[in-house]
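Under the working numbering, the first residue of the sequence shown carries the number 2, and numbering increases by one thereafter. Note that beta-carbon positions come from the ideal geometry of N, C-alpha and C, so glycine has one too. Here's the structure we're looking at; comments come further down.
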Amino acid sequence: MQGLFYAKLHINDFEKLQHINFPKLQTLKIPYQCPKPEYLMKFLEINGKNLRRVYICEGICEGIFNTVFNPKGLNKNLILSIANFCPNLERLSVRINSEFISVWCGKKDMTGILFDIVATYSSKYFCELVLYNSNLYLINSKDLELFLISWKNRKPKKLLTLVIIRNTTIDEYEEYKGNIINDENNEDSHDELSNRDQNLKIIEEYKKLDIIKFRIENIKEEEESEYYFY
Numbered sequence: 002m003q004g005l006f007y008a009k010l011h012i013n014d015f016e017k018l019q020h021i022n023f024p025k026l027q028t029l030k031i032p033y034q035c036p037k038p039e040y041l042m043k044f045l046e047i048n049g050k051n052l053r054r055v056y057i058c059e060g061i062c063e064g065i066f067n068t069v070f071n072p073k074g075l076n077k078n079l080i081l082s083i084a085n086f087c088p089n090l091e092r093l094s095v096r097i098n099s100e101f102i103s104v105w106c107g108k109k110d111m112t113g114i115l116f117d118i119v120a121t122y123s124s125k126y127f128c129e130l131v132l133y134n135s136n137l138y139l140i141n142s143k144d145l146e147l148f149l150i151s152w153k154n155r156k157p158k159k160l161l162t163l164v165i166i167r168n169t170t171i172d173e174y175e176e177y178k179g180n181i182i183n184d185e186n187n188e189d190s191h192d193e194l195s196n197r198d199q200n201l202k203i204i205e206e207y208k209k210l211d212i213i214k215f216r217i218e219n220i221k222e223e224e225e226s227e228y229y230f231y
């Protein structure tokens, strides 16, 4: 077994799975149901060594991330379990639901918080950041530029791939990048540009410096779950 897809099962099912050894398990996907943190920790203790990819969604996210915003949270050990028991992990994907963001972040910009976490705490192997169901105009330009400045100064230097995944059919990057790149005599000030165009200009600047690669991927709404857990 190379992949275990855990979805829409009763919580007690994972209680049984936690003690089973899957020696060839490389991918663990938990898109919907939320096993108790202690069950997942035990499972990772037994099976984490061979895991290459872990995908976690919705209900379980609060169990993992409450300690990031609340140091007194009870599940700090769950975070440490992923770090300690999954030494060969290549991809960790966590999809955070909007209710959780509202509870912990309030009116703060989530993308800015994410940029700060990635810039401050990501490992030297980190090389790809995916913003799911996002848009260029939703990203604060100052946050983006501060993040890329921080990334530029990282040691050792590593090329970052920034991916925006949208459930629309309009590729705004391809539509506007030509005008942004070719108009070298643009008389508009930086502050007068739209948020989207400011971000495009910032991205192009750091692409030329070989700091970042960038792309937008469009998916249909009915393909979202399948795409996210590819």
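K208 versus L26 - alpha carbon distance: In the sequence shown, counting from the first residue as 1, residue 208 sits at position 207. In the sequence shown, counting from the first residue as 1, residue 26 sits at position 25. Going by the C-alpha atoms only, they are around 37 Å apart.
Other residues of its chain near E129: CB distance less than 6 Å, five sequence neighbours each side excluded: Counting from 1 along the sequence shown, the entry for residue 129 is found at position 128. If we look at E129 and ignore the five residues flanking it on each side, its Cβ neighbours are T162.
Exposed unless 16 or more other CB atoms sit within 10 angstroms - verdict on L160: For the purposes of this step, residue 160 is identified with residue 159 of the sequence shown, where counting begins at 1. By the neighbour-count rule (16 or more Cβ atoms within 10 Å), L160 is not buried but exposed.
Minimum C-alpha distance to P274 - residue among N48, F148, K156: This structure cannot speak to residue 274, because the chain is shown only from 2 to 231.
Y133, enclosing beta strand (DSSP E) - first and last residue: Counted from its first residue, the sequence shown places residue 133 at position 132. Residues 129-133.
Beta strand (DSSP E) segment containing L90, residue limits: Locating residue 90 in the sequence shown gives position 89, where the first residue counts as 1. Secondary structure note for L90: it is in no beta strand (DSSP E), with a DSSP letter that is neither H nor E.
Which of helix, strand or coil DSSP assigns to I57: Here the question's residue 57 lines up with position 56 in the sequence shown. In this structure, I57 counts as strand in the three-state DSSP scheme.
Cα-Cα separation between N89 and K158, rounded to whole angstroms: Counting from 1 along the sequence shown, the entry for residue 89 is found at position 88. Counting from 1 along the sequence shown, the entry for residue 158 is found at position 157. Whole-angstrom Cα-Cα distance: 22 Å.
Own chain, CB closer than 7 Å to E206, minus 5 neighbours either side, in chain order: Here residue 206 refers to the residue found at position 205 of the sequence shown. The answer is none, since no qualifying residue turns up.
Three-state secondary structure (DSSP) of F116: As a working mapping, residue 116 is identified with position 115 in the sequence shown. Looking at F116 - three-state DSSP - the assignment turns out to be helix.
F148 versus F116 - alpha carbon distance: In the sequence shown, the residue the question calls residue 148 occupies position 147. In the sequence shown, the residue the question calls residue 116 occupies position 115. Straight-line Cα distance between these residues: approximately 6 Å.
As assigned by DSSP and simplified to three states, the class of S124: To locate residue 124, count along the sequence shown from 1; it is residue 123. Correct three-state label for S124: coil.
Three-state secondary structure (DSSP) of N78: Translated into the one-based positions of the sequence shown, residue 78 becomes position 77. Helix, per DSSP.
Contact check, L45 vs C87, beta carbons under 8 Å: Working through the sequence shown from its first residue, we reach residue 45 at position 44. Working through the sequence shown from its first residue, we reach residue 87 at position 86. The answer is yes: Cβ separation under 8 Å.
Assigned secondary structure, F215 (DSSP; H/G/I helix, E/B strand, else coil): Here residue 215 refers to the residue found at position 214 when the sequence shown is read from its first residue. F215 falls in the strand class under three-state DSSP.
Straight-line Cα distance separating D144 from E16: In the sequence shown, the residue the question calls residue 16 occupies position 15. In the sequence shown, the residue the question calls residue 144 occupies position 143. One C-alpha to the other measures close to 42 Å.
Alpha-carbon to alpha-carbon, S94 and K43: For the purposes of this step, residue 43 is taken as the residue at position 42 of the sequence shown. For the purposes of this step, residue 94 is taken as the residue at position 93 of the sequence shown. Approximately 20 Å, taken between the alpha carbons.
Proximity below 8 Å, CB of L201 to CB of L137: Residue numbering aside, residue 201 sits at position 200 when the sequence shown is read from its first letter. Residue numbering aside, residue 137 sits at position 136 when the sequence shown is read from its first letter. Cβ distance < 8 Å, so L201 and L137 count as in contact.
Exposed unless 16 or more other CB atoms sit within 10 angstroms - verdict on I150: Translated into positions along the sequence shown, residue 150 becomes position 149. Exposed.
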